[in-house]
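Numbering (the working numbering), first residue to last: 6 to 272.
Cβ coordinates follow ideal geometry from the N, Cα and C atoms, glycine included.
Here is the structure we will look at.
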């Protein structure tokens, strides 16, 4: 029943596991109560059986308390030996690459503008006015409201994030992961400026920046007659991130920005 009702809410896996751990401990105490009543009424075999089951479940509940509520590994944790005895393979080590966390841009999603040949796609630099920076914040707010941008660190606990940081030479881990690809984006040429628009859809698009450089070249130095370029992807990056502090992980805040890639073709 709890699992059914929790499904209605957007709850991180770590928080859900904590809830299950607390509920499991409460249920275990009830098993101890049942066992004591059986023993008190002379049903020794049933009482001893319930007591043994309750003790085993209490052991695993305590291990879960350490795992989900602290950063410590209990010395009496026998689960690695049990897993080895039952030939259960360990989970792959969490890294920034396979966890989806990090500061680089996601490239395996299908952009709204279609697919381009990676050999003809390069990063571009964007400059933003104060108004366009406010538009980026507005777009982020819309994505949050729609559930398209989640600042939950991929559901990883601080202990798991610490493993990610160790495996990536302490590079900061962002709450939104490698970035969030915008559902709609476009680019328009206005005089000699290339303005980038983004939003939830075309009807709600907002100007979020102007292309200033493509690769290593300034936008002004590119021969527009010889080289045509198109917007390949626009991704939201930045936001809350965690890194190692003196004794624990510390969370900091970075302004949200847009990262773009441009596809080009030579005439």
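Measure the beta-carbon distance from residue i to residue j and round it to whole angstroms, keeping in mind my assumption that it falls under 8 Å.
{"i": "residue 239", "j": "residue 203", "result": "5 Å"}
{"i": "residue 219", "j": "residue 147", "result": "Not really, about 28 Å apart at Cβ, beyond 8 Å."}
{"i": "residue 73", "j": "residue 23", "result": "5 Å"}
{"i": "residue 236", "j": "residue 247", "result": "No, residue 236 and residue 247 are not in contact; Cβ-Cβ is about 31 Å, not under 8 Å."}
{"i": "residue 66", "j": "residue 26", "result": "6 Å"}
{"i": "residue 232", "j": "residue 215", "result": "No, residue 232 and residue 215 are not in contact; Cβ-Cβ is about 18 Å, not under 8 Å."}
Output the distance between the C-alpha atoms of residue i and residue j, rounded to the nearest integer angstrom.
{"i": "residue 206", "j": "residue 28", "result": "43 Å"}
{"i": "residue 177", "j": "residue 170", "result": "7 Å"}
{"i": "residue 221", "j": "residue 268", "result": "14 Å"}
{"i": "residue 263", "j": "residue 130", "result": "9 Å"}
{"i": "residue 109", "j": "residue 195", "result": "Any reading at residue 109 must be qualified, since the residue scores a pLDDT of 41, below 50, and its modelled position is unreliable; the value itself is stated next. When rounded, the distance between both Cα atoms is 30 Å."}
{"i": "residue 164", "j": "residue 19", "result": "11 Å"}
{"i": "residue 145", "j": "residue 138", "result": "11 Å"}
{"i": "residue 162", "j": "residue 257", "result": "16 Å"}
{"i": "residue 259", "j": "residue 234", "result": "30 Å"}
{"i": "residue 120", "j": "residue 266", "result": "12 Å"}
{"i": "residue 125", "j": "residue 189", "result": "21 Å"}
{"i": "residue 81", "j": "residue 45", "result": "31 Å"}
{"i": "residue 174", "j": "residue 54", "result": "50 Å"}
{"i": "residue 198", "j": "residue 160", "result": "41 Å"}
{"i": "residue 150", "j": "residue 182", "result": "18 Å"}
{"i": "residue 140", "j": "residue 193", "result": "17 Å"}
{"i": "residue 134", "j": "residue 226", "result": "22 Å"}
{"i": "residue 88", "j": "residue 50", "result": "30 Å"}
{"i": "residue 79", "j": "residue 85", "result": "12 Å"}
{"i": "residue 223", "j": "residue 68", "result": "57 Å"}
{"i": "residue 75", "j": "residue 123", "result": "44 Å"}
{"i": "residue 158", "j": "residue 21", "result": "15 Å"}
{"i": "residue 213", "j": "residue 31", "result": "51 Å"}
{"i": "residue 52", "j": "residue 60", "result": "12 Å"}
{"i": "residue 40", "j": "residue 47", "result": "11 Å"}
{"i": "residue 191", "j": "residue 168", "result": "38 Å"}
{"i": "residue 56", "j": "residue 43", "result": "10 Å"}
How about residue i and residue j: are their beta carbons less than 9 Å apart?
{"i": "residue 261", "j": "residue 142", "result": "yes"}
{"i": "residue 70", "j": "residue 33", "result": "no"}
{"i": "residue 185", "j": "residue 153", "result": "yes"}
{"i": "residue 217", "j": "residue 132", "result": "yes"}
{"i": "residue 156", "j": "residue 250", "result": "no"}
{"i": "residue 36", "j": "residue 7", "result": "no"}
{"i": "residue 241", "j": "residue 166", "result": "no"}
From the DSSP secondary-structure annotation, give me the bridge partner or partners of residue i.
{"i": "residue 128", "result": "266"}
{"i": "residue 255", "result": "248"}
{"i": "residue 193", "result": "200"}
{"i": "residue 214", "result": "201"}
{"i": "residue 240", "result": "186 and 264"}
{"i": "residue 233", "result": "270"}
{"i": "residue 219", "result": "129 and 222"}
{"i": "residue 81", "result": "DSSP output for residue 81 lists no bridge partner at all."}
{"i": "residue 58", "result": "None, per the DSSP bridge assignment."}
{"i": "residue 179", "result": "246"}
Could you check whether the Cβ of residue i sits closer than 9 Å to any Cβ belonging to chain C?
{"i": "residue 81", "result": "No chain C is part of this structure, which consists of one protein chain only."}
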